[in-house]
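Right, one structure below, let's go through it.
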Amino acid sequence: MSPLFKMTKRHLTLSSQERQNVRRAAELFSRSTAILLQRYCEDEKLLAHFIETASLQYKRSFTGREDQIKALDYMYYSVSNMVPDEKRNMPSFQKNIVMQITSLKMLFDDINNKHNSI
């Protein structure tokens with residue numbers, strides 16, 4: 253079944269209050285959306301890759317595997333280098349994502365060092 257059936261105009265035209273809707277954001281930033289972009293929007297391969305990487309990070313437990321660390325590094329780099337609306341400073345959502353990635357990696361390293369688990 254095509255991922256296109258899930259996407260509606262309501263996913264793309266949001267009021268300021270609807271932008272806070274976590275469920276809608278999760279639907280928009282899903283693997284289905286990434287597949288949709290890969291299949292139907294040739295010019296959006298980079299966006300599709302970003303969305304797919306983001307969606308995979310929230311669907312599985314972090315165990316410190318090399319592919320997970322690479323994906324976190326990719327997300328950190330991508331989010332850190334986003335420039336929304338020509339602004340010079342990162343908006344709070346960007347700072348929060350970068351901070352969460354950094355915190356997760358530091359916490360994993362700390363637990364790993366403390367318990368010599370890996």
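Each step along the sequence shown adds one to the number in the numbering used here, with nothing skipped, and position 45 is 297. Where is the CB? At the ideal position from N, CA and C, for every residue including glycine.
By the neighbour-count criterion, in which a residue is buried when 16 or more other Cβ atoms sit within 10 angstroms of its Cβ, residue 338 is exposed. Annotated three-state conformation of residue 343 is coil, per DSSP. For the pair residue 324 and residue 353, the CB atoms are nearer than the 7 Å cut-off.
In the DSSP assignment, residue 327 falls within the alpha helix (DSSP H) that extends over 318–332. Put simply, the backbone Cα of residue 355 is about 13 Å away from that of residue 321.
Close CB contacts of residue 293 within its chain, under the 6 Å cut and outside five residues either way in sequence, are absent.
Contact between residue 270 and residue 286 does not hold, since their C-beta atoms are separated by about 22 Å, which reaches or exceeds 8 Å. Around the beta carbon of residue 327, 16 or more other beta carbons lie within 10 angstroms, which makes this residue buried.
When only Cα atoms are considered, residue 262 and residue 273 end up about 12 Å apart. Per DSSP, the continuous alpha helix (DSSP H) segment holding residue 285 begins and ends at 283–292.
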